[in-house]
Amino acid sequence: MEIESALVSHAQVAEAAVVGFPHDLKGEGICCFVRQPSTTTPRNSRAELIAHVREQIGAIATPDQIRFAAAVPKTRSGKIMRRLLRDIAAGRENIGDTTTLEDYTVLAKLREEDE
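Reading the sequence shown from the start, the letters are residues 1063 to 1177 in the working numbering.
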């Protein structure tokens, strides 16, 4: 949650979700899904957001991946479905149960952006 808070504190980030994924060297890496405000043009580089997190928290929290997304998957009650994001970050094809997912098009968009 600290990394998410650091990302959201950046003026050009509307929403962020952070999950772990298998990393060859570290065991587990940090993957950040970032949604920018609809009123702004996507101008932030990944390097700028990584530097922002390092400045706010420190080098230990440096994200390995930052993925820009139109939206993050949420349940009908508005909670972010981090399990699905972990599966996408890990490159898994089978993402399991999605019955509580509010908008199924979000998954398709995340997969498209992943390719």
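No residue lacks a Cβ here, since even glycine has one placed at the ideal position from N, Cα and C.
For Gln1118, the first and last residue of its enclosing alpha helix (DSSP H): The sequence position of residue 1118 within the sequence shown is 56, counting from 1. Counting along the chain, the alpha helix (DSSP H) containing Gln1118 begins and ends at 1108-1118.
For Arg1129, name the three-state secondary structure that DSSP assigns. In the sequence shown, the residue the question calls residue 1129 occupies position 67. Arg1129: strand per DSSP, three-state reduction.
With a Cβ-Cβ cutoff of 7 Å, do Phe1095 and Ala1152 count as a contact? Stepping through the sequence shown from its first residue, residue 1095 is reached at position 33. Stepping through the sequence shown from its first residue, residue 1152 is reached at position 90. Against a cut-off of 7 Å, the Cβ pair of Ala1152 and Phe1095 comes out as no contact.
Buried or exposed for Leu1147, going by 16 or more other Cβ atoms inside 10 Å? By 1-based counting over the sequence shown, the position of residue 1147 is 85. Classification of Leu1147: buried, given that the 10 Å Cβ count is 16 or more.
Can you tell me whether His1085 is buried or exposed? The criterion is at least 16 other CB atoms within 10 Å of its CB, across all chains shown. Translated into positions along the sequence shown, residue 1085 becomes position 23. With fewer than 16 other Cβ atoms within 10 Å, it is exposed.
At which residues does the beta strand (DSSP E) containing Val1080 begin and terminate? If you number the sequence shown from 1, residue 1080 lands on position 18. Its beta strand (DSSP E) spans residues 1077-1085.
If you drop the 5 nearest sequence neighbours on each side, which residues of the same chain put their C-beta closer than 6 Å to that of Cys1093? The residue given as residue 1093 occupies position 31 in the sequence shown. So the list reads Val1081, Phe1083, Gln1127, Ala1151, once near-sequence residues are dropped.
Have a look at Lys1171, Glu1155, Phe1130, Thr1162 and flag the residue whose alpha-carbon is nearest the alpha-carbon of Ser1139. Working through the sequence shown from its first residue, we reach residue 1139 at position 77. Out of Lys1171, Glu1155, Phe1130, Thr1162, Thr1162 has the C-alpha closest to the C-alpha of Ser1139.
Would you grab the beta carbon distance between Val1115 and Ala1068 for me? Rounded to a whole angstrom, and I think it's under 8 Å. Here residue 1115 is taken as the residue at index 53 of the sequence shown, counted from 1. Here residue 1068 is taken as the residue at index 6 of the sequence shown, counted from 1. That belief holds up - the Cβ atoms of Val1115 and Ala1068 are roughly 5 Å apart, short of 8 Å.
Please determine, among Ala1073, Ala1132, Ser1107, the residue with the shortest C-alpha to C-alpha distance to Ala1170. Position 108 of the sequence shown, counted from the start, is the residue given in the question as residue 1170. The residue with the shortest Cα to Cα distance from Ala1170 is Ala1132.
Under the DSSP definition of a beta bridge, which residues are partnered with Arg1097? As a first step, residue 1097 must be located in the sequence shown, where it is residue number 35. Answer is Glu1077.
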